[in-house]
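In what follows, a single structure is set out as structure tokens and then discussed.
In my numbering, the protein residues as written are 1215 to 1481.
In structure tokens:
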């Protein structure tokens, strides 16, 4: 990998670090391709339980590499469309990854960097982090990241962030739902680990089922189709080996089989 550092840790916890600190982990065609490949591979690996997305150096990600954007500005419309489709496919691959994903955020997260955060299932940030959907400052718009930003913070906040293109702090990002928790820089790893430990208590197949189901649930009226989807899903999952093991472990007052021998998941 030219732009990423992937570390396989204990208990199936894998860290994916964006490794272009000299440009604040701005991404280009190569990083987009590598993120797509890595999240595809990790999503299919039964040994992987949790994925942490982080950035090396002083920042999480400054968004799109300006040299990449400059190349795009003189490319053909057809080439721009294919390029944008690859970017969209990368965010979708992170969002739809069957493994739980945690964004570990420090420094700045700008433009597409915000999109990466919003495509993850949860995010923890240091108090000095700053965020901006900054595309309008360059005469463009947060188009591909727009659906993920809107899903994370709601339409009104997303539109405000896109229109103003100004930076907000970590506390504001938490208030509107972009970030789950704000901690000190020194406490960032511990806060991520707390979430990892909680995730490892849960059945890995059930977590994949949650992600698959919730991606299909509309906000608003609970329709007959939605009721049928949820009924069929729980009826099927209740009959799985993982569910049988989960109930048996609870009744036997023992750790479930998916918990590691290091104590993750023990009450």
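No residue lacks a Cβ here, since even glycine has one placed at the ideal position from N, Cα and C.
The beta carbon of residue 1397 is closer than 8 Å to those of 1338, 1339, 1340, 1341, 1404, 1405 in its chain, skipping five residues each way along the sequence. In this structure, the straight-line span from the alpha carbon of residue 1280 to that of residue 1412 is close to 38 Å. In the displayed model, residue 1315 falls within a strand according to three-state DSSP. Judged by pairs of C-beta atoms under 8 Å, the segment 1261-1280 touches the segment 1313-1321, as three or more such pairs exist. Following the DSSP letters along the chain, one finds residue 1308 inside the alpha helix (DSSP H) bounded by residues 1291-1309.
No Cβ-Cβ contact shorter than 9 Å links residue 1343 with residue 1367. Per DSSP, residue 1348 is not a residue of any alpha helix (DSSP H), being assigned neither H nor E. For the set 1387, 1304, 1347, 1365, the Cα lying nearest the Cα of residue 1428 is the one of 1365. Between residue 1456 and residue 1401 the beta-carbon gap is near 33 Å, outside 8 Å, which marks them as no contact.
With a cutoff of 9 Å on beta-carbon distance, residue 1253 and residue 1217 are scored as not near each other. With contacts defined as CB atoms closer than 9 Å, residue 1346 and residue 1325 qualify as a contacting pair. Secondary structure note for residue 1245: its alpha helix (DSSP H) is the uninterrupted segment 1243-1258. Assignment of residue 1264 by DSSP, reduced to helix, strand and coil, places it in the strand class.
Beta-carbon to beta-carbon, residue 1390 and residue 1384 are separated by about 11 Å, too far to satisfy the 8 Å threshold. Put simply, the backbone Cα of residue 1224 is about 43 Å away from that of residue 1438. The Cβ neighbour count for residue 1295, taken over all protein chains shown within 10 Å, is under 16; the residue is labelled exposed.
In the structure shown, residue 1232 falls within a strand segment according to DSSP collapsed to helix, strand and coil. In this structure, residue 1283 sits away from residue 1248, with a CB-CB distance that is not shorter than 9 Å. Secondary structure at residue 1433: coil, using DSSP grouped into helix, strand and coil. In the three-state reduction of the DSSP assignment, residue 1218 falls in the strand class, which pools E and B.
Scanning its chain for C-beta atoms nearer than 8 Å, with the 5 sequence neighbours on each side dropped, one finds around residue 1447 the residues 1423, 1427, in chain order.
Using a Cβ distance threshold of 9 Å, residue 1414 and residue 1227 count as a contacting pair. In this structure, 1375 is the residue among 1371, 1382, 1375, 1370 with its C-alpha nearest to the C-alpha of residue 1355. The C-alpha of residue 1410 lies about 20 Å from the C-alpha of residue 1270. Cβ-Cβ separation between residue 1229 and residue 1268: approximately 6 Å, consistent with a contact (criterion under 8 Å). Spanning the alpha carbons of residue 1452 and residue 1273 requires a straight line of approximately 43 Å.
In this structure, the straight-line span from the alpha carbon of residue 1233 to that of residue 1469 is close to 37 Å. Within 10 angstroms of the beta-carbon of residue 1222 lie fewer than 16 other beta-carbons, which makes it exposed.
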